[in-house]
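Here's the structure, in structure tokens; my notes come after.
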Ligand code: SF4
Ligand code: SF4
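In the working numbering, the protein residues as written are 11 to 243.
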């Protein structure tokens with residue numbers, strides 16, 4: 011993204027709308043900090059710039075990788091997935107991705123207002139490689155992992171994005187080790203992250219994850235979100 015300095019009138023509308031505060035007023039002109047801009051295009055789409063000074067510019071590799079992890083209007087080219095994670099984390103009732111005896115796990119790095127560098131992904135994935143997890147093929151993050159030791163491409167590590175979601179499934183007995191890794195990584199990581207766990211309700215209406223998390227010392231405050239599965243046949 012770029013702002014044409016010779017056109018900008020300094021009204022400030024784009025500054026308040028940028029989700030990562032990457033636009034500053036310098037003199038009487040708005041200026042984008044290239045390091046912090048995640049290429050979400052919110053300023054371009056929503057600032058209503060009165061003089062049309064905000065322009066999309068052609069991005070080269072690896073900077074253009076910021077777009078699918080930040081711009082909600084784009085679709086990831088490799089996975090065909092729109093947005094930063096796959097739908098199945100919310101709609102297992104429709105797709106049945108996570109079977110009995112399995113947990114689905116998501117780790118979302120960064121949020122609007124904070125963002126994340128892609129290098130934070132590797133802090134988790136190199137440790138998960140030792141445990142053995144099954145990554146979701148259609149997750150945009152999975153496409154970044156280049157070997158079975160969980161590394162990501164060196165040249166993309168400093169790219170900054172709005173958020174990235176690691177998605178995988180595991181046999182239920184591996185969850186304690188996964189959560190140990192979360193505890194190990196939390197001191198190294200330089201952004202916010204949240205962990206989601208998908209578990210099936212058993213036929214006797216019990217849920218095995220809540221007691222397990224409590225036993226491991228996590229405070230569990232379940233929230234309900236009901237997807238009634240009308241989206242697919
Ligand atoms: S909205 Fe347009 S005119 Fe106003 S500060 Fe931003 S770029 Fe400049
Ligand atoms: S593209 Fe997004 S991150 Fe970059 S300056 Fe515009 S609103 Fe901010």
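Yeah, the Cβ is synthetic: ideal placement off N, Cα and C, and Gly gets one too.
- Residue pairing by DSSP puts residue 35 in a beta bridge opposite 40.
- Between the C-alpha atoms of residue 130 and residue 168 there is a straight-line separation of about 9 Å.
- In the structure shown, residue 15 falls within a coil segment according to DSSP collapsed to helix, strand and coil.
- Per the Cβ contact rule, the stretch 69 to 78 is not in contact with the stretch 176 to 184 (fewer than 3 Cβ pairs under 8 Å).
- Shown here for residue 209: same chain residues with a beta carbon closer than 7 Å to its own, the five before and five after excluded, namely 113, 217, 218, 219 in chain order.
- About 15 Å separates the CB atoms of residue 48 and residue 151; that is not less than 8 Å, and the two are not in contact.
- Secondary structure at residue 144: strand, using DSSP grouped into helix, strand and coil.
- Beyond the five residues adjoining it in sequence on each side, residue 223 comes within less than 7 Å, by CB distance, of 230 in the same chain, given in chain order.
- For residue 106, the closest alpha carbon among the candidates 211, 128, 39, 158 is that of 211.
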